[in-house]
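Residue numbers for the sequence shown follow this note's numbering, so the first one is 288 and each next one is one higher.
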Amino acid sequence: MWQLGHELLPTKDKISSIHQTNDRECFKCSEKRETLIHALKDCLNAKVILTIRGLYGRIINSELSSCIDWLEEVMRILDKKAMTDFITILWNNWNNRNNMLFRGNEEAAWVIWERAKSLSKEFRIHNMINRPILPPHMVDNKWEKLPTNKVKINFDAAIINDKIRFGVLARDSKGFVIDCASLANRIRNQRVDITIMGHCINDLFKPKDMLNNVEFMWVNHN
Numbered sequence: 288m289w290q291l292g293h294e295l296l297p298t299k300d301k302i303s304s305i306h307q308t309n310d311r312e313c314f315k316c317s318e319k320r321e322t323l324i325h326a327l328k329d330c331l332n333a334k335v336i337l338t339i340r341g342l343y344g345r346i347i348n349s350e351l352s353s354c355i356d357w358l359e360e361v362m363r364i365l366d367k368k369a370m371t372d373f374i375t376i377l378w379n380n381w382n383n384r385n386n387m388l389f390r391g392n393e394e395a396a397w398v399i400w401e402r403a404k405s406l407s408k409e410f411r412i413h414n415m416i417n418r419p420i421l422p423p424h425m426v427d428n429k430w431e432k433l434p435t436n437k438v439k440i441n442f443d444a445a446i447i448n449d450k451i452r453f454g455v456l457a458r459d460s461k462g463f464v465i466d467c468a469s470l471a472n473r474i475r476n477q478r479v480d481i482t483i484m485g486h487c488i489n490d491l492f493k494p495k496d497m498l499n500n501v502e503f504m505w506v507n508h509n
């Protein structure tokens, strides 16, 4: 993934830019420049591999020229599991490209897709019955008791149906509520409501000017 995002894989266009040669043409479809996004998405065989099991729309038809921009676009469309399978497909596609270039052997698109599907399945099964190869990143989020004479201000917001609600809650070092405020708006004119909400937030934070020491901490609720 890191190599894909930074476009470090040795396409002919990349090699040509390093060695200052003019051999940038795709050896499979004669496109003038074999960039990474061309090799993985736009080349005819690559497009067949991606579409053989239903990938379409912005994933295939995107006109982005940067591989990292394309991957970010795909991440907005696919969920986590599908994105993992997608990267596996790209990697198998790249291996197939190398086999064709250096050994003259090219596999059918459905074979590459089935191999990628099998690898993804085996990887998930391995992680279920063994210690994961890539352990999950665990973050221990917890509330910490404040020092004496400090005030903790909690801010939260939510959108439910057509309503926006946010609240501010202040607690002292012992956890007792000092003050709170909330606001609910029905969204009718987005520009006006957002402006009103911004002014209300500023008004809620004005009392901080009367305090000697104020520290804002944004808490991850995930």
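Using N, Cα and C, we set each Cβ at its ideal position, and we do this for glycine too.
Asked	Found
Every unbroken alpha helix (DSSP H) inside the segment 325-399 [4 residues or more]	331-338, 345-348, 354-364 and 367-390
Through-space distance from residue 355 to residue 290, alpha-carbon basis	10 Å
Residue 388 to residue 453 span [Cα, whole Å]	58 Å
Through-space distance from residue 410 to residue 378, alpha-carbon basis	14 Å
In DSSP terms, what residue 447 is bridged to	450
Exposure of residue 384, with buried meaning 16 or more beta-carbon neighbours within 10 Å	buried
DSSP-derived helix/strand/coil call for residue 296	coil
Residue 400 classed as buried or exposed, judged by whether at least 16 other C-beta atoms fall within 10 angstroms	buried
Alpha-carbon spacing of residue 396 relative to residue 351, whole angstroms	23 Å
Within 8 Å, strictly: CB atoms of residue 296 and residue 331	no
Beta-carbon gap between residue 318 and residue 298 smaller than 8 Å	no
Buried versus exposed, by CB contacts within 10 Å (16 or more), residue 373	buried
Length of the line joining the Cα atoms of residue 365 and residue 441	33 Å
Contact under 8 Å by Cβ, residue 336 with residue 386	no
For residue 434 and residue 460, believed in contact at Cβ under 8 Å, the rounded distance	6 Å
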